[in-house]
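What follows is one structure encoded as structure tokens, with my remarks underneath.
Numbering (this note's numbering), first residue to last: 1 to 251.
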């Protein structure tokens, strides 16, 4: 498993945990919220805080990439003086999607070239957009959208046409992450007051609650063999859980 480890009183580190529970430190990143942390094809991507060399209150969030296939791993800063958040690599690690908030509070989804950081597509929104992910086919971007006085919803956008579509209705239910399990859209939400994972149909109907943990879960993802991966909160901290989901055999 590739994990972010944040012990109390210590720096955050990217680590790898083998089947015996042995940990290996891969990299110690700079300051970041680590939203939407993502790894594909041996590469890890995240956004990292940077400061203006002269103006104390001018801050940037730039995209960082770590190539874990190399013997000596050094993080590469892909962008400079940008305000990019929650980046995610596509499935062949050639493109990165992220959300952007400009200095004049313009919101956008941006698709970057993963080699040099050049902008390939930029979609401007009037609403705050966050946590973008790639569709399994790679032709659409799913994301969460915050509407004033209406709440949060899950939407998608077609990359080529720019056509947008709502998946769920805006509400004040707490949704803080989305992911795919095979071809199924999974949301991490607190619909019953506790953060759990739900399978969502294309029309936005909640078809199945797929976890039922008493203290909630965090950081949903999927394994290479199609199982749901998440962190389960316990009295001793978060524990990694891999769970087989009934009905996901053909995905």
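No residue lacks a Cβ here, since even glycine has one placed at the ideal position from N, Cα and C.
Runs of the alpha helix (DSSP H) lying entirely within the stretch 91 to 171 and spanning at least 4 residues: none are present.
Pairwise C-beta distances place the stretch 171 to 190 in contact with the stretch 222 to 234, as three or more of them are shorter than 8 Å.
Distance from the CA of residue 209 to the CA of residue 144, rounded to the nearest whole angstrom, comes to 19 Å. Within the stretch 189 to 251, complete beta strand (DSSP E) segments of at least 3 residues are found at 196 to 200, 206 to 209, 217 to 222, 228 to 234, 237 to 243, given in chain order.
Across the set 5, 68, 73, 29, the C-alpha of 68 shows the shortest separation from the C-alpha of residue 41.
It is roughly 16 Å from the alpha-carbon of residue 124 to the alpha-carbon of residue 154. Each residue's CA atom was taken as its position, placing residue 231 and residue 81 some 33 Å apart. Annotation: residue 106 to residue 25 spans about 37 Å, alpha carbon to alpha carbon. Listed in chain order, the non-local C-beta contacts of residue 113 below 7 Å within the same chain comprise 95, 120, local neighbours out to five positions each way being set aside. The Cβ atoms of residue 73 and residue 46 lie no closer than 8 Å to each other. Burial is judged here by how many other beta carbons sit within 10 angstroms of a residue's own beta carbon; residue 150 has fewer than 16 and is exposed. Annotated three-state conformation of residue 64 is strand, per DSSP. Boundaries of the beta strand (DSSP E) harbouring residue 27: 23 to 27, taken from the DSSP string.
Taking the Cα positions, residue 190 is about 23 Å away from residue 141. Under the three-state reduction of DSSP, residue 56 is assigned to coil, being neither helix nor strand. Sorting 233, 36, 221, 237 by C-alpha distance to the C-alpha of residue 245 places 221 at the top. Between residue 205 and the set 168, 192, 238, 14, the nearest pair of CA atoms involves 168. Around the beta carbon of residue 163, a 10 Å sphere encloses fewer than 16 other beta carbons of the protein chains shown; the residue is thus reported as exposed. The C-beta separation of residue 91 from residue 134 comes to about 7 Å, placing the pair in contact by the 8 Å criterion. Secondary structure note for residue 4: its beta strand (DSSP E) is the uninterrupted segment 2 to 5. Looking from the CA of residue 158, the closest CA among 173, 137, 33 belongs to 137. Under a 10 Å Cβ-count criterion, residue 165 is classified as exposed, with fewer than 16 other Cβ atoms of the shown protein chains found around its own Cβ. Looking at the DSSP output, residue 88 shares a beta bridge with 97. In the three-state reduction of the DSSP assignment, residue 14 falls in the strand class.
For the pair residue 174 and residue 217, the Cα-to-Cα distance works out to about 13 Å. Take the alpha-carbon of residue 11 and the one of residue 28: they are about 7 Å apart.
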